[in-house]
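Residues in the sequence shown are numbered consecutively from 1093, following my numbering. To keep things clear, I will list the structure first and then write my remarks on it.
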Amino acid sequence: DPHNDKAFASKEALDYWSPVDWYNGGMEHTTLHLLYSRFWHKFLYDIGAVPTKEPYAKRTSHGMILGEGGEKMSKSRGNVVNPNDIVDQYGADTMRLYIMFIGDFEKAATWSNDAVKGSKRFLDRVWNLAESASDSYDVTPANEAVIHKTIKKVTEDVDSLKMNTAIAAMMTMVNELNANGCTRGDLKYLLLLLNPFAPHITEELWENLGFAAQTGKMCCQAEWPVADESKTVASTVELAVQVNGKLKGTISMPTDSEEKAVVDAALAVEKVRKATEGMQIIKTILVKNRLVNLIVKPAK
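Okay, here's the thing in structure tokens:
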């Protein structure tokens, strides 16, 4: 409130601006700027000049990126990574994505030039997926579950600063979209989720796939997607079928199928039928939505 000549700051300004929503800095801030700022704020609180005891509602500290040998980067060690070189070679999106994927937000992580290539390959896969997508703007039923699971996961992880696991979830989503085949409608959700991490490629694809013309907005301006909890569970799942612990095949079943229905479907698989001929099923082990293991012994 620099133009207030009546008071330190107006009540309206203090109520609006304080406390600071989020203070983020390196660990060295704990004994430097953070210490001084809290000291002065508490003094101002004690004399009634500010309304809050603490200056910051949330405080985090980010980890340090170490050189390839696990040591702190420094010119004397010759292990400094020049971000401009990485951007020139791989692009800004790859650089951004790798830094957020390298590890936990608040922990130190070791830089790897080889690992940067993995982030570039992922973005290449996103581009190739967009080029192979069908022209439909409808969501593919087979992709609904992975889309909404990923929306839920990425939203929660971004809110809790778990950027690395959010990116991992999008990598899984790309794998499933590749396996199932996808439409432009499916890709729209991936682009919205990936945009904060890789804004350049996602804006380009947003334009290429017609979403800019369709919505009248850039990708970064579009509304963040909201997960539909009822669609986060797939309607069907694939279960592994084992006989005495040995894999004999797979079956596709409705999610959360009862044991009897699973066993009946398993026994209809030719390899399972042959493996259980002349055998007595003495025990059934069902891990819901994952596998069924038939324990058998020779019938008397």
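Note that the Cβ used here is the ideal one computed from N, Cα and C, for glycine as well.
Measuring straight from C-alpha to C-alpha, what distance separates residue 1187 and residue 1201?
Position 95 of the sequence shown, counted from the first residue, corresponds to residue 1187. Position 109 of the sequence shown, counted from the first residue, corresponds to residue 1201. In a straight line, the C-alpha of residue 1187 is about 15 Å away from that of residue 1201.
With DSSP collapsed to three states, give me the class of residue 1144.
Counting from 1 along the sequence shown, the entry for residue 1144 is found at position 52. In the displayed model, residue 1144 falls within coil according to three-state DSSP, outside both helix and strand.
Can you tell which of 1110, 1126, 1109 and 1111 has its C-alpha closest to the C-alpha of residue 1117?
The count along the sequence shown starts at 1 and reaches residue 1117 at position 25. Cα-wise, what sits closest to residue 1117 is 1126.
Are the Cβ atoms of residue 1259 and residue 1289 separated by less than 8 Å?
Within the sequence shown, the letter at position 167 stands for residue 1259. Within the sequence shown, the letter at position 197 stands for residue 1289. Yes, these two residues count as a Cβ contact at 8 Å.
Based on Cα-Cα distance, which residue from 1328, 1167 and 1105 lies nearest to residue 1236?
Locating residue 1236 in the sequence shown gives position 144, counting from the first residue. Per the Cα distances, 1328.
I'd like to confirm the pairing. Which residues does DSSP put opposite residue 1330 in its beta bridges?
Locating residue 1330 in the sequence shown gives position 238, where the first residue counts as 1. In the DSSP output, where bridge partners are listed per residue, residue 1330 has 1344.
By DSSP, does residue 1349 sit in helix, in strand, or in coil?
Looking up residue 1349 in the sequence shown gives position 257. Of the three classes helix, strand and coil, the one that applies to residue 1349 here is coil, per DSSP.
If you follow the beta strand (DSSP E) that residue 1384 is in, where does it begin and where does it stop?
By 1-based counting over the sequence shown, the position of residue 1384 is 292. For residue 1384, the enclosing beta strand (DSSP E) covers residues 1383-1390.
Per the contact definition of three or more C-beta pairs closer than 8 Å, is the stretch 1146-1160 in contact with the stretch 1196-1210?
yes
Pick helix, strand or coil for residue 1103, following the three-state DSSP scheme.
Here residue 1103 refers to the residue found at position 11 of the sequence shown. Helix at residue 1103.
What number of angstroms, rounded off, separates the C-alpha of residue 1347 from the C-alpha of residue 1177?
Residue 1347 sits at position 255 when you count from the first residue of the sequence shown. Residue 1177 sits at position 85 when you count from the first residue of the sequence shown. The alpha-carbon atoms of residue 1347 and residue 1177 are separated by roughly 49 Å.
From the DSSP output, in three-state form, read off residue 1229 for me.
For the purposes of this step, residue 1229 is identified with residue 137 of the sequence shown, where counting begins at 1. Residue state, collapsed to three classes: coil.
Across the stretch 1279-1297 and the stretch 1316-1326, are there enough close Cβ pairs to call them in contact, namely three or more that are closer than 8 Å?
Yes, since at least three Cβ pairs between the stretch 1279-1297 and the stretch 1316-1326 fall closer than 8 Å, the two stretches touch.
Using the C-alpha atoms, what's the distance from residue 1240 back to residue 1095?
Reading the sequence shown from its first residue, position 3 is the one you call residue 1095. Reading the sequence shown from its first residue, position 148 is the one you call residue 1240. One alpha carbon belongs to residue 1095, the other to residue 1240, and they sit about 49 Å apart.
Using three-state DSSP, classify residue 1338 as helix, strand or coil.
In the sequence shown, residue 1338 corresponds to position 246, counting from 1. If DSSP states are grouped into helix, strand and coil, residue 1338 belongs with the strands.
Please tell me whether residue 1097 and residue 1143 are closer than 8 Å, where the distance is taken between their beta carbons.
Locating residue 1097 in the sequence shown gives position 5, where the first residue counts as 1. Locating residue 1143 in the sequence shown gives position 51, where the first residue counts as 1. No.
Can the beta-carbon of residue 1222 be found less than 8 Å from the beta-carbon of residue 1331?
Position 130 of the sequence shown, counted from the start, is the residue given in the question as residue 1222. Position 239 of the sequence shown, counted from the start, is the residue given in the question as residue 1331. No, these two residues do not count as a Cβ contact at 8 Å.
If I'm right that residue 1093 touches residue 1149 with Cβ under 8 Å, what's the distance once you round it to whole angstroms?
Along the sequence shown, one-based indexing puts residue 1093 at 1. Along the sequence shown, one-based indexing puts residue 1149 at 57. About 20 Å; that fails the 8 Å criterion.
Please determine, among 1323, 1153, 1139 and 1101, the residue with the shortest C-alpha to C-alpha distance to residue 1120.
Locating residue 1120 in the sequence shown gives position 28, counting from the first residue. Checking every option, the nearest Cα to that of residue 1120 belongs to 1153.
So is residue 1325 in contact with chain D if we call contact Cβ pairs under 8 Å?
Going by chain labels, chain D is absent from the structure shown, which holds only one protein chain.
Ignore the nearest five residues each way along the sequence and tell me which others in residue 1310's own chain have a CB closer than 8 Å to its CB.
On the sequence shown, position 218 is the one that residue 1310 refers to. So the qualifying residues of the chain are 1295, 1298 and 1304.
Going by C-alpha to C-alpha distance, which of 1387, 1175, 1381 and 1217 sits closest to residue 1359?
Residue mapping note: residue 1359 aligns to position 267 of the sequence shown, counting from 1. When 1387, 1175, 1381 and 1217 are compared, the shortest CA-CA separation from residue 1359 is found for 1387.
Checking 8 Å against the spacing of the C-beta atoms, do residue 1189 and residue 1225 come in under that value?
Position 97 of the sequence shown, counting from 1, holds the residue named residue 1189. Position 133 of the sequence shown, counting from 1, holds the residue named residue 1225. For the pair residue 1189 and residue 1225, the CB atoms are not nearer than the 8 Å cut-off.
What number of angstroms, rounded off, separates the C-alpha of residue 1175 from the C-alpha of residue 1321?
Taking the sequence shown and counting its residues from 1, one reaches residue 1175 at position 83. Taking the sequence shown and counting its residues from 1, one reaches residue 1321 at position 229. Between residue 1175 and residue 1321, the C-alpha separation is close to 40 Å.
Could you give the residue range of the beta strand (DSSP E) that holds residue 1246?
Position 154 of the sequence shown, counting from 1, holds the residue named residue 1246. Note, residue 1246: premise wrong, no beta strand (DSSP E); alpha helix (DSSP H) at 1236-1251.
Start and end of the beta strand (DSSP E) containing residue 1378?
As a working mapping, residue 1378 is identified with position 286 in the sequence shown. Taken as a continuous stretch (DSSP letters only), the beta strand (DSSP E) holding residue 1378 covers 1371-1379.
DSSP on residue 1224, reduced to helix/strand/coil?
Translated into the one-based positions of the sequence shown, residue 1224 becomes position 132. Correct three-state label for residue 1224: helix.
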